[in-house]
Structure formats: C-alpha cells, structure tokens
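Shown next, in structure tokens, is the structure this report addresses.
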Amino acid sequence: MRGQEAGSSHSIDIERRPQGGWRLSCEQWLPGTPAEVFPFFGSARNLERITPPFLRFRIRRVRGEPLAAGSLVDYSLRLHGLPIRWRTLIEVWDPPRRFVDLQVRGPFRQWRHGHTFTDSGDRTLVSDVVDFDLYCRTLARTVLLAWIDADLRAIFAYRQRATALAFRPGQEPAP
C-alpha cells in the first residue's frame, strides 16, 4: 500500500509489519528549526486545525497542559457517521526532537504515533510513524483495512496540506 498523494511532494506509505499490524510513514519539510516547529505540533489544540473537517474532530479534555510525558488527551470524532471517542497518552516527550502518543482507548487494537523533528539548517523534516493494528482477525479485516487505508491516506494528506499552510512565509503558526 505504497503511494504518493496527488498534489503533495511527500509520500504516505502504509506497509504490513512482519511482527503483525501495519506501519504508516510520512514525512514533510517545514521552514524553521525544530525549536520553532515543535511547539505547533506540541499543542493538542492544533490537532483540530490540521484534522479534516469531515471527521468533526473535537478536543474534549487535556489532562496535563502544557503537554508532557503522562499527559492525557480525550477527543471525539465521527468516521463515516460513527461516533468515536479516543484517549491518547503522551508516552514520550522530548522537545524539540520527538514525542510519541499512544491510544489507550479508541477504535484500534494498537495505535502508537511517533513524531520526530530533524534539523536541516533553516528547515525541519517532520516524520510521522504510526504502528497500528485492528481488532478483527477475519476476512472482514481485508475489507476493513482497504477502508482504513484510504481514510488514513486522506487524513494524513490533509494534515500535510494544513500544516504547510500554517507554516507559509508571512503566516505565524499558532502555538
């Protein structure tokens, strides 16, 4: 399930992991140093800004703000009309280099999302790696995975476009 999103110079790859589950990987270059870029991603409130409107994503509660290891973020969204409640634990917090969020309640059997920020002078490479797995283990899994693959590609492509707009020259990204 490799591919490059139309209109994006950044690939979004989803591959089967040998140990089970799948891995989504995507990268994006943004202007600025990691110290300048990290705060945008380190604010849970910016998730609403970079999540596609069709998900009707809303932050419900943040426990431990500013974010740090151990913070919990509760949010809700709708996917294909189905209401979903999700709780994320900030497992690793290492500004301005990386952070990791872990689903502790939500639609996936496993969801671990690593964010890394690599310095390249006046630019930063933002890398997302999501290891995920599904609850079902039947033939329905194949159908469900095709659906999830399309959704995740659309969500992360939107995220990249929205983030690029937030970091346009002359535009100050919200912290």
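Heads up: the sequence shown begins at 24 in the numbering used here, then just goes up one per residue.
Note that beta-carbon positions come from the ideal geometry of N, C-alpha and C, so glycine has one too.
The beta strand (DSSP E) enclosing residue i, as first and last residue numbers
i, result
"Arg-72", "Where Arg-72 is concerned, there is no enclosing beta strand (DSSP E), although the alpha helix (DSSP H) it sits in stretches over 69-73."
"Tyr-158", "Taken as a continuous stretch (DSSP letters only), Tyr-158 belongs to no beta strand (DSSP E), as it is neither H nor E."
"Asp-36", "35-39"
"Ser-94", "It is not in any beta strand (DSSP E) - Ser-94 carries neither H nor E in the DSSP assignment."
"Leu-53", "45-54"
Residue i to residue j span [Cα, whole Å]
i, j, result
"Gly-87", "Leu-95", "7 Å"
"Pro-192", "Arg-84", "32 Å"
"Gln-27", "Asp-97", "Note on Gln-27: pLDDT 37, under 50, position unreliable in the model; the coordinate value appears next. Near 31 Å, if we compare the C-alpha coordinates of Asp-97 and Gln-27."
"Ala-29", "Cys-49", "For Ala-29, the pLDDT reaches just 30, beneath the cut-off of 50, and the residue's location in the model is therefore unreliable, although a value from the coordinates is still provided. Their Cα atoms are separated by approximately 14 Å."
"Phe-122", "Thr-111", "12 Å"
"Arg-46", "Asp-117", "22 Å"
"Arg-81", "Pro-54", "28 Å"
"Arg-101", "Phe-179", "16 Å"
"Gly-93", "Glu-38", "29 Å"
"Gly-44", "Ala-58", "33 Å"
"Glu-114", "Arg-135", "9 Å"
Enclosing alpha helix (DSSP H) for residue i [first to last residue]
i, result
"Phe-64", "57-64"
Buried or exposed by the 16-neighbour rule on C-beta atoms within 10 Å, applied to residue i
i, result
"Asp-124", "buried"
"Trp-170", "exposed"
"Gln-42", "exposed"
"Leu-188", "exposed"
"Leu-105", "exposed"
"Ala-67", "buried"
"Gly-144", "exposed"
Cβ-heavy atom distance, residue i to the ligand GDP, below 6 Å
i, result
"Ile-178", "For the ligand GDP, the structure offers nothing, since it holds no ligand at all."
Residues sharing a beta bridge with residue i, DSSP
i, result
"Gln-133", "Asp-156"
"Phe-77", "Bridge partners of Phe-77: none, in fact."
"Gln-126", "Thr-111"
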